[in-house]
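Take a look at the structure set out below.
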Ligand SMILES: Nc1ncnc2c1ncn2[C@@H]1O[C@H](COP(=O)(O)OP(=O)(O)O)[C@@H](O)[C@H]1O
Ligand SMILES: [Mg+2]
């Protein structure tokens, strides 16, 4: 379980997150929607300790984490994996070594076990036979999926996705959404998904939060959001409809 | 004006904190030696020809300059010694370090900056590793070692450049050119030249890793980081040159008195 209490994050004189409070239950899929630059990535980075809040508290499994030191944060990052907005693959390592990286750092495993695990995780995102390629040699969509495999490989119980489907084609988008859904249902992974995509939020989210300028302007289940009168939410909703996509297709 | 001053103080302070973090990492973890050697190999190979060429021409220029001056006094015999001493102690390290800052410095800050803005550095931390240990420290060590080596090669080439111009331009024999080098270029002046090279290597490595590591703001940010690296390195080198000259002079005069 993750709980935020009056989370405030500033950069210089600009306040990006203005006192956010909310909770995510175990096994839940929470979508965080919002326009670009409202601080969605900043929010996720606060959870994994890449950024630290200026005020407020973050509780992960009953532990307040925002004041932990970098070393104390390592175990948190083991159970709390993040998939970045960029593929963020290490360009000097092969795809195999990229996926194995977290396994080597977080666990001490024999080499053949690592090999099996890497192959499993790549298969999970429908990638086979590219282990020895360099990141620059594969397409952007493939890079994003390798990045997903790299995070999942560590078997975190909490997964944070920063725009996992932005820039992907519709087929891959569906596959990635399906994967997020499966992970959460089969492995009871808790997921926070940052996205612009109201359509897939409605399809797979348990709960949705809409952020605007660092504040929560709406939250609730997909059904509750559909009835929401906040202008920004209505914009998101109408876009989901305009795209000509039917709900619940996934 | 005051804001500008504060920005500079902030920058220097941030840089010192960065170095502190790197040294504390260095105390606790040893970077993998094969990664360090990879980096050394890359940096050296990338810049060897450029520095050798730069060194050669610095030596050549110095010889031409000195020729015009010593000729009046009929002291061409001292040309080799004077030109070499001036090159090794003063302009050689500085000019070659400028050259290196354009190559190694720009390359490193662009590489680290790209890793920063594409979230690779964040990913390293999230996957349970320390970016100082994995990324920064190997590069820092490699840049210092290879820059020092490259500067020394550049200085050596400057002697060759000076010698060639001494023969071609000033019309003295190689033997004449070389004769007074050992008498004027004393061991202390070689040491002070190499000391400068070491300090310059430190300045170069510190600034480009710091600027690259702290890049923000996407692809434009990488561009800004590279420019900031170039400017800060040039200024840093000139200041370091001034300071090391003072130190070297002080030590030399102490050695003379003793
Ligand atoms: N490290 C940082 N330093 C300064 N400003 C930052 C930093 N990271 C993000 N910001 C600013 O915070 C705001 C929110 O960024 P972000 O969370 O990336 O937005 P998004 O919701 O699109 O993910 C942006 O205006 C960005 O410029
Ligand atoms: Mg973002």
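Protein chains in written order, with my numbering: chain U, 1 to 250; chain H, 251 to 508. For each residue, glycine too, the CB sits at the ideal point set by N, CA and C.
Residue 249 (chain U) burial status per 10 Å Cβ neighbour count (16 or more: buried): For the purposes of this step, residue 249 (chain U) is identified with residue 249 of the first chain, where counting begins at 1. With a pLDDT of 47 at residue 249 (chain U), under the threshold of 50, the modelled position of that residue is not reliable, and the figure given next carries that caveat. Counting the other Cβ atoms within 10 Å of the Cβ of residue 249 (chain U) gives fewer than 16, which makes it exposed.
Contact set between residue 257 (chain H) and chain U, taken where Cβ atoms lie within less than 8 Å: Counted from its first residue, the second chain places residue 257 (chain H) at position 7. Here the premise fails: no neighbours, minimum Cβ distance about 12 Å.
Interface residues of the region 80-113 of chain U facing chain H [CB-CB below 8 Å]: Among the residues of the region 80-113 of chain U, those with a Cβ less than 8 Å away from any Cβ of chain H are 81, 82, 84, 85, 86, 87, 88, 89, 90, 91, 101, 102, 105, 106, in the order of the chain.
Residues near residue 298 (chain H) by beta carbon distance below 8 Å, same chain, minus five either side: Taking the second chain and counting its residues from 1, one reaches residue 298 (chain H) at position 48. Within the same chain, residue 298 (chain H) has close Cβ partners 400, 403.
Distance, residue 482 (chain H) Cα to residue 247 (chain U) Cα: As a first step, residue 247 (chain U) is located in the first chain; it is residue number 247 there, counting from the start. As a first step, residue 482 (chain H) is located in the second chain; it is residue number 232 there, counting from the start. Legend: pLDDT at residue 247 (chain U) = 43, less than 50; position of this residue unreliable, no value from coordinates given.
Distance cut-off 8 Å: residue 12 (chain U) Cβ against heavy atoms of ligand 1: Along the first chain, read from residue 1 onward, the residue named residue 12 (chain U) stands at position 12. Checking the Cβ of residue 12 (chain U) against ligand 1 gives yes.
Residue 52 (chain U) (DSSP reduced to helix, strand or coil): Locating residue 52 (chain U) in the first chain gives position 52, where the first residue counts as 1. In this structure, residue 52 (chain U) counts as coil in the three-state DSSP scheme.
Test: residue 50 (chain U) CB closer than 9 Å to a CB of chain H: The residue given as residue 50 (chain U) occupies position 50 in the first chain. Closer than 9 Å: yes.
In DSSP terms, what residue 63 (chain U) is bridged to: The residue you call residue 63 (chain U) lines up with position 63 of the first chain. In DSSP, residue 63 (chain U) forms a bridge with U:60.
Own chain partners of residue 407 (chain H) with C-beta closer than 6 Å, once the 5 adjacent residues on each side are dropped: The sequence position of residue 407 (chain H) within the second chain is 157, counting from 1. Taking C-beta separations shorter than 6 Å and ignoring five residues to either side along the sequence, the partners of residue 407 (chain H) in its chain run 302, 305, 306, following chain order.
Residue 88 (chain U): first and last residue of the uninterrupted beta strand (DSSP E) it sits in: Within the first chain, numbered from 1, the residue matching residue 88 (chain U) stands at position 88. Premise fails: residue 88 (chain U) is in no beta strand (DSSP E) and is neither H nor E.
Limits of the unbroken alpha helix (DSSP H) element including residue 461 (chain H): The sequence position of residue 461 (chain H) within the second chain is 211, counting from 1. Element bounds for residue 461 (chain H): 437-463.
Interface flag, residue 78 (chain U) vs chain H, CB-CB below 9 Å: Indexing the first chain from 1 puts residue 78 (chain U) at position 78. Judged by the 9 Å Cβ criterion, residue 78 (chain U) is in contact with chain H.
Closer than 9 Å to chain H by CB, residue 296 (chain U): The displayed coordinates of chain U run from 1 to 250. Any statement about residue 296 (chain U) would go beyond what the structure contains.
Boundaries of the alpha helix (DSSP H) in which residue 96 (chain U) is found, first to last residue: Numbered from its first residue, the first chain carries residue 96 (chain U) at position 96. For residue 96 (chain U), the enclosing alpha helix (DSSP H) begins and ends at 95-106.
beta-carbon residue 372 (chain H) near ligand 2 non-hydrogen atom, thresh 8 Å: For the purposes of this step, residue 372 (chain H) is identified with residue 122 of the second chain, where counting begins at 1. Outside the cutoff, so no.
CA-to-CA distance, residue 354 (chain H) to residue 339 (chain H), given in whole angstroms: Within the second chain, numbered from 1, the residue matching residue 339 (chain H) stands at position 89. Within the second chain, numbered from 1, the residue matching residue 354 (chain H) stands at position 104. Approximately 22 Å, taken between the alpha carbons.
Within chain H, the residues that residue 230 (chain U) reaches when beta carbons sit closer than 7 Å: Numbered from 1 along the first chain, position 230 holds the residue referred to as residue 230 (chain U). Within chain H, no residue comes near residue 230 (chain U); the closest Cβ sits about 30 Å away, beyond 7 Å.
The region 418-437 of chain H / the region 381-400 of chain H touching (three or more Cβ pairs under 8 Å): Three or more Cβ pairs closer than 8 Å define a contact, and the region 418-437 of chain H falls short of that threshold against the region 381-400 of chain H.
Pick from H:464, H:440, H:345 that is closest to residue 488 (chain H), judged by C-alpha positions: Translated into positions along the second chain, residue 488 (chain H) becomes position 238. With distances taken between Cα atoms, residue 488 (chain H) lies closest to H:345.
C-alpha gap between residue 268 (chain H) and residue 357 (chain H), whole angstroms: Taking the second chain and counting its residues from 1, one reaches residue 268 (chain H) at position 18. Taking the second chain and counting its residues from 1, one reaches residue 357 (chain H) at position 107. Take the alpha-carbon of residue 268 (chain H) and the one of residue 357 (chain H): they are about 19 Å apart.
Residue 74 (chain U): contacting residues in chain H (beta-carbon distance under 7 Å): To locate residue 74 (chain U), count along the first chain from 1; it is residue 74. Simply 378.
Distance cut-off 8 Å: residue 197 (chain U) Cβ against heavy atoms of ligand 1: As a working note, residue 197 (chain U) is residue 197 in the first chain. Outside the cutoff, so no.
Under 9 Å between C-beta atoms of residue 87 (chain U) and residue 41 (chain U): Along the first chain, one-based indexing puts residue 87 (chain U) at 87. Along the first chain, one-based indexing puts residue 41 (chain U) at 41. No, the Cβ-Cβ distance between residue 87 (chain U) and residue 41 (chain U) is not below 9 Å.
Contact test: residue 32 (chain U) Cβ vs ligand 2 heavy atom, cutoff 8 Å: The residue you call residue 32 (chain U) lines up with position 32 of the first chain. Outside the cutoff, so no.
In DSSP terms, what residue 81 (chain U) is bridged to: For this step, residue 81 (chain U) is matched to residue 81 along the first chain. Beta-bridge analysis with DSSP links residue 81 (chain U) to U:159.
Test item: CB-CB of residue 273 (chain H) and residue 371 (chain H) under 9 Å: Position 23 of the second chain holds residue 273 (chain H). Position 121 of the second chain holds residue 371 (chain H). No.
Residues near residue 253 (chain H) by beta carbon distance below 6 Å, same chain, minus five either side: Here the question's residue 253 (chain H) lines up with position 3 in the second chain. Excluding sequence positions up to five before and after residue 253 (chain H), its CB lies less than 6 Å from no other CB in the same chain.
DSSP beta-bridge partners of residue 30 (chain U): Taking the first chain and counting its residues from 1, the one referred to as residue 30 (chain U) is at position 30. U:192, U:207, per the DSSP bridge assignment.
Classification of residue 6 (chain U) by the beta-carbon crowding that lies within 10 angstroms, buried from 16 upward: Reading the first chain from its first residue, position 6 is the one you call residue 6 (chain U). With fewer than 16 other Cβ atoms within 10 Å, it is exposed.
From H:275, H:477, H:296, H:329, residue whose alpha carbon lies closest to that of residue 386 (chain H): As a first step, residue 386 (chain H) must be located in the second chain, where it is residue number 136. When only C-alpha atoms are compared, the closest one is H:275.
Distance CB(residue 182 (chain U))-CB(residue 141 (chain U)) smaller than 9 Å: As a working mapping, residue 182 (chain U) is identified with position 182 in the first chain. As a working mapping, residue 141 (chain U) is identified with position 141 in the first chain. No, the pair does not count as a contact, with Cβ atoms beyond the cut-off.
Near ligand 2: residue 213 (chain U) beta-carbon under 8 Å from a heavy atom: The residue given as residue 213 (chain U) occupies position 213 in the first chain. For ligand 2, not one heavy atom lies less than 8 Å from the Cβ of residue 213 (chain U).
Short CB-CB distance (under 9 Å) between residue 261 (chain H) and chain U: Residue numbering aside, residue 261 (chain H) sits at position 11 when the second chain is read from its first letter. For residue 261 (chain H), no CB of chain U lies under 9 Å from its own CB, so it is not counted at the interface with that chain.
Residue 252 (chain U) beta carbon near ligand 1 (any heavy atom closer than 8 Å): A query on residue 252 (chain U) cannot be resolved here, the shown segment of chain U reaching from 1 to 250 and no further.
The region 362-373 of chain H: positions lying closer than 7 Å to chain U by Cβ: Near chain U, meaning a CB-to-CB distance below 7 Å, the residues of the region 362-373 of chain H are 368, 369, 370, 372, 373.
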